[in-house]
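**Student:** Numbering (the working numbering), first residue to last: 6 to 178.
Beta carbons are placed, not taken as given, at the ideal position from N, Cα and C, and that holds for glycine.
To start, I am sharing the structure in question, which I have written as structure tokens.
Structure representation (structure tokens):
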């Protein structure tokens, strides 16, 4: 991509040199202004214009998501902020990039319902054991789980996303 932009800029500069035109060229990072010195002189000079680039900068989207505002408790939408101090447990469940608890529902083959807890760090097996114990209390049955250490996720059979989100928020994640 950068090579094609560079080639396009070189081509435009050649055209400017041949026809003696005054043009503004955008090379992807800054606005360049090409100008000829006189009608008989065919050499061109490149002048970097920082004033016009201010207009281009405001159109480029921000690459970072801002930090959420401070809240004492849950917001009216039900969202809860990150705690100041993470819990002292052998595992950690990080928030998603939008600052939400990473618990998702999934349906495979039209009828296989499951819940996925992502972004698990540390002792994933201890989290799975604690989750199984909690879900045993809530549902009254042993819930099958699948641990994926490589992706740092745990898949639970059935849609229990609300229960797991509430449990993780109460644990301090």
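1) Taking all protein chains shown into account, decide if residue 60 is buried (16 or more other Cβ within 10 angstroms of its Cβ) or exposed.
2) Within 8 Å, do at least three Cβ pairs link the region 89-109 to the region 122-138?
3) According to DSSP, is residue 155 helix, strand or coil?
4) Based on Cα-Cα distance, which residue from 177, 138, 132 and 95 lies nearest to residue 147?
5) Can you list, in chain order, the residues of its chain whose CB lies under 8 Å from that of residue 141, leaving out five sequence neighbours each side?
6) Do you know offhand how far residue 175's Cα is from residue 152's?
7) Do you know whose CA, among 86, 154 and 136, lies nearest residue 105's CA?
8) Ordered along the chain, which non-local residues of its own chain (more than five positions away) have a Cβ less than 7 Å from that of residue 164?
9) Measuring CA to CA, which of 77, 171 and 136 is closest to residue 161?
10) Under a three-way DSSP split, which group does residue 65 fall into?
11) In whole angstroms, what is the alpha-carbon distance linking residue 41 and residue 62?
12) Contact check, residue 177 vs residue 74 under 8 Å by CB: the rounded distance?
**Tutor:** The structure says:
1) exposed
2) yes
3) coil
4) 138
5) 147 and 148
6) 22 Å
7) 86
8) 110, 118 and 120
9) 136
10) coil
11) Because the pLDDT at residue 41 is just 47, under 50, the model does not fix this residue reliably, and the point stays unresolved.
12) About 20 Å separates the two Cβ atoms, so there is no contact after all.
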